[in-house]
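What follows is one structure encoded as structure tokens, with my remarks underneath.
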Amino acid sequence: MENEPIILLEHVTVTYQDLVALEDVSLSVPPGAFLAIIGPNGAGKTTLLKTILGLLRPVRGTVRVFGKAPWELDGRRQRIGYVPQVMSVDLNFPVRAGEVVLMGRYGRIGLFRRPSAADRQAALRAMERVGIADLADRPIARLSGGQRQRVFLARALANEPDLLLLDEPTTGVDVAATESLYELLRGLHDEGITILVVSHDVGVVAAYVDMVACVNRRLVAHGRPDEVGGNVLSCMYGPEAMLFGHGPVSHMVVVPSGSSESPQVSPPESR
Amino acid sequence: MLELLSYTFMQRALIAGALIGALCAVIGVYVVLKGLSFIGAGIAHASFGGVALGFLLGVNPVLTAVVFCLLTAWGIGLVSRKGQIKEDTAVGIFFASTMALGILLIGLMRGYNVDLFGYLFGSILAVTPQDVWVTIGLGAAVLGVVGLLFKELLFITFDPEMAEVTGVPAGKLYFLLLSLIAVTVVVSIKVVGIILVSALIVTPAAAAYQLTEDFRRMMALSVVFGVGSTVGGLLLSYWLNTASGATIVLLATLAFFVAAMCSPRRRRRPALQRV
Chain W
110 MENEPIILLE HVTVTYQDLV ALEDVSLSVP PGAFLAIIGP NGAGKTTLLK TILGLLRPVR
170 GTVRVFGKAP WELDGRRQRI GYVPQVMSVD LNFPVRAGEV VLMGRYGRIG LFRRPSAADR
230 QAALRAMERV GIADLADRPI ARLSGGQRQR VFLARALANE PDLLLLDEPT TGVDVAATES
290 LYELLRGLHD EGITILVVSH DVGVVAAYVD MVACVNRRLV AHGRPDEVGG NVLSCMYGPE
350 AMLFGHGPVS HMVVVPSGSS ESPQVSPPES R
Chain L
10 MLELLSYTFM QRALIAGALI GALCAVIGVY VVLKGLSFIG AGIAHASFGG VALGFLLGVN
70 PVLTAVVFCL LTAWGIGLVS RKGQIKEDTA VGIFFASTMA LGILLIGLMR GYNVDLFGYL
130 FGSILAVTPQ DVWVTIGLGA AVLGVVGLLF KELLFITFDP EMAEVTGVPA GKLYFLLLSL
190 IAVTVVVSIK VVGIILVSAL IVTPAAAAYQ LTEDFRRMMA LSVVFGVGST VGGLLLSYWL
250 NTASGATIVL LATLAFFVAA MCSPRRRRRP ALQRV
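Chains as they are written, first to last, in this note's numbering: chain W, 110 to 380; chain L, 10 to 284.
In structure tokens form, the structure reads like this:
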């Protein structure tokens with residue numbers, strides 16, 4: 110029972126508005142894992158998260174979260190903490206950070222009931238854990254990108270989840286805030302929370318996680334960060350991607366396979 | 010002033026106006042924040058078909074309008090949830106077709122058109138005691154539901170996907186919200202009329218949005234603007250001898266522009282773009 114995977118996907122195909130977003134993906138996430146799902150934009154990473162959350166249903170294959178189909182989780186739903194992309198909400202919405210964090214418990218509280226002292230304490234603990242307790246009364250419109258991201262993380266933690274899913278948590282966040290967020294996730298992982306983070310930022314993620322799964326509609330590679338290595342590049346940019354030195358920083362040049370178009374130059378990698 | 014209040018028709022108009030001003034202001038907060046303004050307008054126009062049907066059948070038009078508006082609201086919700094037609098396209102189709110149905114039904118009757126005109130543009134000074142009771146009853150029902158599901162309605166307005174994920178029935182609550190909008194529209198058409206009711210829902214909430222970044226405060230301010238516009242507009246229209254529904258809406262619009270000019274959101278904008 111203990112070693113049963115928390116998330117299990119078997120030959121999962123998901124279509125989204127008539128397009129195949131994920132094809133024949135099989136993935137098993139054991140308890141205590143810290144897994145990054147990486148891939149280029151539009152590769153189906155968010156679709157994969159939404160499938161695990163039960164927001165999308167596969168057309169083929171099976172999905173199990175805590176041993177059940179995600180849309181049949183009921184009470185166990187609260188064991189999943191989800192941190193969506195920040196841009197998925199209206200950032201000028203008139204609501205304070207503390208209220209947003211408390212929302213994480215609304216499902217657990219149930220309809221018609223008001224939050225109890227215990228609920229408020231759980232929200233406060235979550236805010237303390239991520240270091241934003243002093244921002245509780247601040248409207249979300251007046252938070253920096255990094256602070257807002259922590260509010261969303263605290264909202265997920267307010268439920269005291271066993272599994273944490275994060276979708277591009279560092280979009281629009283500067284380098285220092287990105288690193289401190291991953292430090293924080295590392296700490297949460299050490300406390301026993303299973304973490305799955307979706308990112309297109311290969312460089313940063315690899316330094317913190319135990320496992321990398323590379324998705325580009327299909328699952329291209331899966332393993333420890335150092336094992337996946339070169340496969341990651343081909344996952345991100347196609348089979349003919351390569352690194353070579355060019356001036357003071359190394360550039361990556363991608364030649365799309367089977368086309369005679371001029372090479373696309375991606376932003377320089379700072380390593 | 011006191012003399013004015015001694016007329017029973019004026020008393021009824023003020024009571025109904027204040028109640029509807031508050032009701033529209035509360036629902037308007039959700040409409041504005043969730044971007045449902047056009048749906049509100051669409052539902053309002055659908056009530057025309059319902060009112061016409063009521064007159065044709067000899068049934069209380071409020072009753073037929075409620076049924077009609079609820080069906081329209083759910084229809085729009087269903088079509089847009091399926092995702093095959095965009096929401097505003099769905100509204101555009103329902104909007105015109107229910108209006109056309111109303112016009113068609115009126116054509117089948119002869120001689121009743123004066124009353125219908127009152128529904129189109131509002132006739133608050135002709136509010137009957139029965140109208141006041143209907144307003145109190147339906148208004149209390151809508152506000153009661155909002156009070157009981159306050160935290161859930163806030164959640165699905167702010168972040169419906171997260172609500173769904175944490176076990177809040179966001180889909181069902183969305184339909185409930187559409188139903189609340191429909192009932193609010195029908196209750197309000199007597200005061201400002203079908204054509205202007207969506208303004209009474211949207212404008213006070215939009216004005217309140219300019220002035221605060223706290224959800225409850227926005228709702229309270231919206232109620233102040235809503236009640237102020239209906240009561241103030243009503244008195245103004247009496248003194249200036251203008252159409253009451255139009256005066257109410259224009260007063261609310263004036264409040265909106267003043268609020269927008271004083272808005273701290275405007276002053277903060279340059280700072281936001283750094284994020």
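Heads up, the beta-carbon is just placed ideally off N, CA and C, and yes, glycines get one too.
Check your understanding: Can you give the Cα-Cα distance for M196/W and V174/L, rounded to whole angstroms?
Key -> Computed Cα separation, rounded: 17 Å.
Review point. Does the beta carbon of L216/W come closer than 8 Å to any beta carbon on chain L?
Key: In the sequence on display, residue 216/W carries Gly and not Leu. At a cut-off of 8 Å between beta carbons, G216/W contacts chain L.
Check your understanding: With 8 Å set as the bound, which would you pick, yes or no: does the beta-carbon of D168/L sit closer than that to a beta-carbon of chain W?
Key -> At least one CB atom of chain W sits nearer than 8 Å to the CB of D168/L.
Check your understanding: From which residue to which residue does the beta strand (DSSP E) around L252/W run?
Key -> No beta strand (DSSP E) holds L252/W; DSSP gives it neither H nor E.
Check your understanding: Using the C-alpha atoms, what's the distance from A105/L back to W248/L?
Key -> Separation of W248/L and A105/L (C-alpha to C-alpha, rounded to the nearest whole angstrom) is 36 Å.
Check your understanding: Looking at T155/W and D276/W, is the spacing between their C-beta atoms short of 8 Å?
Key -> Contact: yes.
Review point. For G49/L and chain W, any beta-carbon pair shorter than 8 Å?
Key: Output row for G49/L: interface = no.
Exercise for review: Can you grab the Cα-Cα spacing for the pair A316/W / Q258/W, in whole Å?
Suggested key: The straight-line gap from Cα to Cα measures roughly 20 Å.
Exercise for review: Use the C-beta contact count for H54/L: other C-beta atoms within 10 angstroms, 16 or more gives buried, fewer gives exposed.
Suggested key: Residue environment: H54/L is assigned as buried (16 or more neighbouring CB atoms within 10 Å of its CB, all protein chains considered).
Check your understanding: For the beta strand (DSSP E) that T98/L lies in, which residues bound it at each end?
Key -> Taken as a continuous stretch (DSSP letters only), T98/L belongs to no beta strand (DSSP E), being part of the alpha helix (DSSP H) at E96 to L117.
Review point. For chain L, is any of its Cβ atoms less than 8 Å away from the one on R186/W?
Key: Taking Cβ atoms only, chain L reaches closer than 8 Å to R186/W, which makes this a yes.
Point to revise | Below-8 Å beta-carbon distance, E96/L vs any chain W residue | key: With its beta carbon at least 8 Å from every one in chain W, E96/L lies outside the interface.
Check your understanding: What's the call for V311/W, buried or exposed, on a 16-neighbour Cβ count within 10 Å?
Key -> Burial call: buried.
**Study point:** Within 9 Å of chain L by C-beta, residues of the stretch 195 to 211 of chain W in sequence order
**Key:** Going along the stretch 195 to 211 of chain W in chain order, one finds S197, V198, D199, L200, N201, F202, P203, V204, R205, E208, V209 and L211 with a Cβ nearer than 9 Å to chain L.
Point to revise | Three-state secondary structure assigned by DSSP to A53/L | key: Helix.
Exercise for review: Identify which residue in A150/L, L157/L and T107/L has its Cα closest to the Cα of L220/W.
Suggested key: Ranking A150/L, L157/L and T107/L by Cα distance to L220/W puts L157/L first.
Point to revise | Residue-chain proximity (L165/W, chain L), Cβ-Cβ < 8 Å | key: At a cut-off of 8 Å between beta carbons, L165/W makes no contact with chain L.
Exercise for review: Can you have a look at C33/L and say buried or exposed, based on whether 16 or more other CB atoms are within 10 angstroms of its CB?
Suggested key: Here C33/L is buried. Its C-beta has 16 or more other C-beta atoms within 10 Å.
Check your understanding: Excluding five sequence neighbours on each side, which residues of the same chain lie with their C-beta closer than 7 Å to the C-beta of K181/L?
Key -> Cβ neighbours of K181/L within its own chain (closer than 7 Å, five residues either side excluded): none.
Practice item. Can you tell me which of V138/W, Q126/W, L128/W and D127/W puts its alpha carbon nearest to the alpha carbon of E119/W? Key: Nearest C-alpha to E119/W: V138/W.
Check your understanding: Anyone know if the C-beta pair for Y125/W and K160/L falls short of 8 Å?
Key -> Not in contact: Y125/W and K160/L (Cβ atoms no closer than 8 Å).
Check your understanding: Can you name the residues of chain L whose CB is closer than 9 Å to the CB of P64/W?
Key -> This structure cannot settle anything about residue 64/W, because the visible part of chain W is limited to 110 through 380.
Check your understanding: Whose CA, out of N250/L, F47/L and L117/L, lies closest to the CA of G58/L?
Key -> Among N250/L, F47/L and L117/L, the Cα nearest to that of G58/L is on L117/L.
Exercise for review: Give the secondary structure of T124/W by DSSP, where H, G and I count as helix, E and B as strand, and everything else as coil.
Suggested key: Correct three-state label for T124/W: strand.
Practice item. For the stretch 149 to 173 of chain W, enumerate the residues whose C-beta is nearer than 7 Å to any C-beta of chain L, in chain order. Key: Cβ contacts with chain L: L162 and L164.
Exercise for review: Below 8 Å CB to CB, which residues in the same chain sit around L79/L once its five sequence neighbours on both sides are set aside?
Suggested key: Cβ-Cβ distances below 8 Å link L79/L to S188, A191 and V192 in the same chain, with the five nearest sequence neighbours on each side left out; the list follows chain order.
Exercise for review: Please say whether L245/L and L260/L have beta carbons closer to each other than 8 Å?
Suggested key: Cβ distance < 8 Å, so L260/L and L245/L count as in contact.
Exercise for review: Could you check how far apart the C-beta atoms of Q187/W and G176/L are, in whole angstroms? I think they sit under 8 Å.
Suggested key: Indeed, because the Cβ distance is near 7 Å, the residues count as touching under 8 Å.
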